[in-house]
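Numbering (my numbering), first residue to last: 1 to 550.
To keep things clear, I will list the structure first and then write my remarks on it.
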């Protein structure tokens with residue numbers, strides 16, 4: 001096997017690759033060539049946005065081949081310009097850009113060269129989303145388009161793990177660019193789960209891809225990319241995986257542990273809120289992107305039916321507020337009838353002690369998981385924020401989630417936003433659920449760690465619900481330390497006081513998450529890229545959150 005060199009970022013760092021995942025040695029995608037040949041559509045503005053001014057510092061970025069990449073300085077308002085962290089963040093963002101055959105195709109996960117890179121030198125689909133939004137907000141569309149096309153190209157390849165073939169629609173978790181010195185050319189290497197911890201395929205990658213495609217289309221006003229036959233087929237392949245009929249009695253998606261942002265064993269197997277919220281949002285985005293041809297109409301009908309069932313299921317069975325908690329506390333068990341109140345046969349004695357103190361009088365949230373005889377009452381930030389942005393949460397439920405965040409600020413935000421989940425698993429429960437995972441000890445990493453990247457999701461949710469002051473307060477907290485601490489991946493401790501024990505520095509999505517939050521707060525019209533209004537046809541059974549009647 002010939003030695004391969006990494007060519008992942010403009011800094012030119014090179015290392016020998018001993019082993020690799022799935023290697024794709026393909027010519028430049030025909031898809032990419034065709035889209036570049038198409039005449040550029042006239043940009044249509046969905047919202048009238050005030051013109052921006054360039055920062056006084058003009059950043060230029062050179063590709064590894066010495067060519068200007070076209071990435072310019074951030075365009076922003078005076079108040080946005082004032083903070084020194086913004087310029088530093090953009091400098092780091094541009095250093096993180098990955099090039100493939102002289103074209104920008106994404107950003108590396110982290111630029112911390114003080115420790116072994118592992119897979120942090122790759123372009124992750126979920127990690128790139130906030131980077132893509134930052135570039136779009138800054139008028140840099142090329143890298144986003146290239147990323148969408150390259151990942152689409154990777155989707156089309158046969159995916160094998162041991163002797164098993166993955167579904168055709170599976171999107172990669174990540175990819176990287178390597179240089180083959182023998183053939184003197186760059187090739188792509190992709191990971192569909194065969195190199196991941198636990199060998200789990202990324203369920204969320206396909207959803208994020210559809211969501212990002214809609215964000216690109218909405219922001220640019222250019223629908224030619226989404227309307228390409230290849231993009232239409234890519235969406236249909238993803239949807240085929242999700243909408244296929246099986247033994248499920250619920251409209252939610254059954255998933256393995258470690259299939260999303262929480263990519264290690266953390267007890268999120270079953271029907272995790274993060275996947276259900278992303279699934280709902282991806283379905284709604286697909287409705288806007290699919291063409292009304294014969295194949296498209298068939299999928300649209302299936303999507304509409306699934307959305308109705310999914311919204312009903314999530315709004316009624318995943319929602320928890322004070323009244324619902326009291327109802328569960330008083331549940332009878334072993335009910336055998338279609339009129340059963342305790343539909344999942346949840347044992348009241350399984351209610352954790354902490355949830356009674358955590359639940360405020362006014363507020364509520366979507367719990368982590370619901371399946372037969374099991375409810376995971378943990379708070380998961382990403383799932384609840386996406387529920388607000390996708391309008392899976394009703395306006396009343398969205399307000400209740402914001403009420404909860406304000407009421408439990410010390411627990412969910414603390415000294416560094418934002419808790420990925422709450423509370424942490426400890427002692428015997430930690431040993432059983434995580435398998436004694438040394439990285440997911442209590443209040444660390446996925447087990448109650450604080451992740452700055454979640455700032456952009458919180459900010460978007462705050463703007464949508466009319467609570468920008470919450471986002472502003474969280475951003476100010478982050479600005480106290482993020483830059484001084486060199487942009488860590490996550491923080492540890494009950495209040496997020498300590499830099500994570502294994503956290504990478506210069507984590508790209510910590511940087512991009514801050515930038516997106518900052519730009520969105522300054523120009524709320526950016527929210528349209530990542531937010532969907534309530535569909536009045538999906539009328540919930542519960543029109544008002546019960547927390548509002550207390």
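Every residue, glycine too, gets a C-beta built ideally from N, C-alpha and C.
As the structure is a prediction and not an experimental result, all values here were calculated from the model.
A Cβ-Cβ separation of about 13 Å leaves residue 390 out of contact with residue 465 under the 8 Å criterion. In the structure shown, residue 414 falls within a coil segment according to DSSP collapsed to helix, strand and coil. Cβ neighbours of residue 333 within its own chain (closer than 7 Å, five residues either side excluded): 342, 345, 347. Using a Cβ-Cβ distance cut-off of 8 Å, the stretch 96-110 and the stretch 515-529 are not in contact, since fewer than three pairs of beta carbons, one from each stretch, lie closer than that value. It is roughly 26 Å from the alpha-carbon of residue 236 to the alpha-carbon of residue 195.
Bridge partners of residue 104 according to DSSP: 99. For the stretch 231-290, the full-length alpha helix (DSSP H) segments reaching 4 residues or more read 273-289 along the chain. Between residue 218 and residue 529, the C-beta gap is smaller than 7 Å, which places the two residues in contact. Taking C-beta atoms as the reference points, residue 187 and residue 178 count as a pair closer than 7 Å.
Look at residue 124 here: in three-state DSSP terms it is strand.
Straight through space, the alpha carbons of residue 86 and residue 403 are spaced by roughly 30 Å. The criterion of a C-beta distance shorter than 7 Å is not satisfied by residue 159 and residue 105. Going by C-alpha positions, residue 231 is about 7 Å away from residue 225.
Residue environment: residue 120 is assigned as buried (16 or more neighbouring CB atoms within 10 Å of its CB, all protein chains considered). Taking the Cβ atoms as the reference, residue 380 lies roughly 6 Å from residue 274, within the contact range of under 8 Å. Under DSSP, residue 110 takes part in a beta bridge, and its partners are 507. For residue 490, the three-state secondary structure derived from DSSP is coil. Residue 329: member of the alpha helix (DSSP H) spanning 322-329, first to last residue. Counting the other CB atoms within 10 Å of its CB gives residue 191 a total of 16 or more, which places it among the buried residues. As far as DSSP is concerned, residue 207 takes part in no beta bridge.
By the Cβ test, the stretch 417-430 is in contact with the stretch 443-451, since at least three Cβ pairs between them sit closer than 8 Å. The three-state secondary structure of residue 176, taken from DSSP, is strand.
Looking from the CA of residue 165, the closest CA among 173, 193, 127 belongs to 193. Inclusion of residue 369 and residue 376 in the CB contact set at 7 Å is warranted, their separation being smaller than that value. By the Cβ neighbour-count rule, residue 319 is buried, with 16 or more other Cβ atoms within 10 Å of its own.
Residue pairing by DSSP places residue 447 opposite 444 in a beta bridge. The beta carbons of residue 255 and residue 203 sit closer together than 7 Å.
In this model, residue 294 and residue 282 are separated by some 21 Å (Cα to Cα). Rounded to the nearest angstrom, the Cβ distance from residue 439 to residue 502 is 6 Å, consistent with a contact under 8 Å. Per DSSP, residue 140 lies in no alpha helix (DSSP H) and is assigned neither H nor E. Judged by DSSP secondary structure, residue 304 falls within the alpha helix (DSSP H) whose first and last residues are 294-313. The three-state secondary structure of residue 119, taken from DSSP, is coil.
Annotated as proximal: residue 287 and residue 303, with beta-carbon spacing under 7 Å. The beta carbons of residue 444 and residue 492 sit closer together than 7 Å. CA-to-CA, the gap between residue 95 and residue 297 works out to about 43 Å.
Annotation for residue 83: 479 place their beta carbon closer than 7 Å to its own, counting only its chain and skipping 5 residues before and after.
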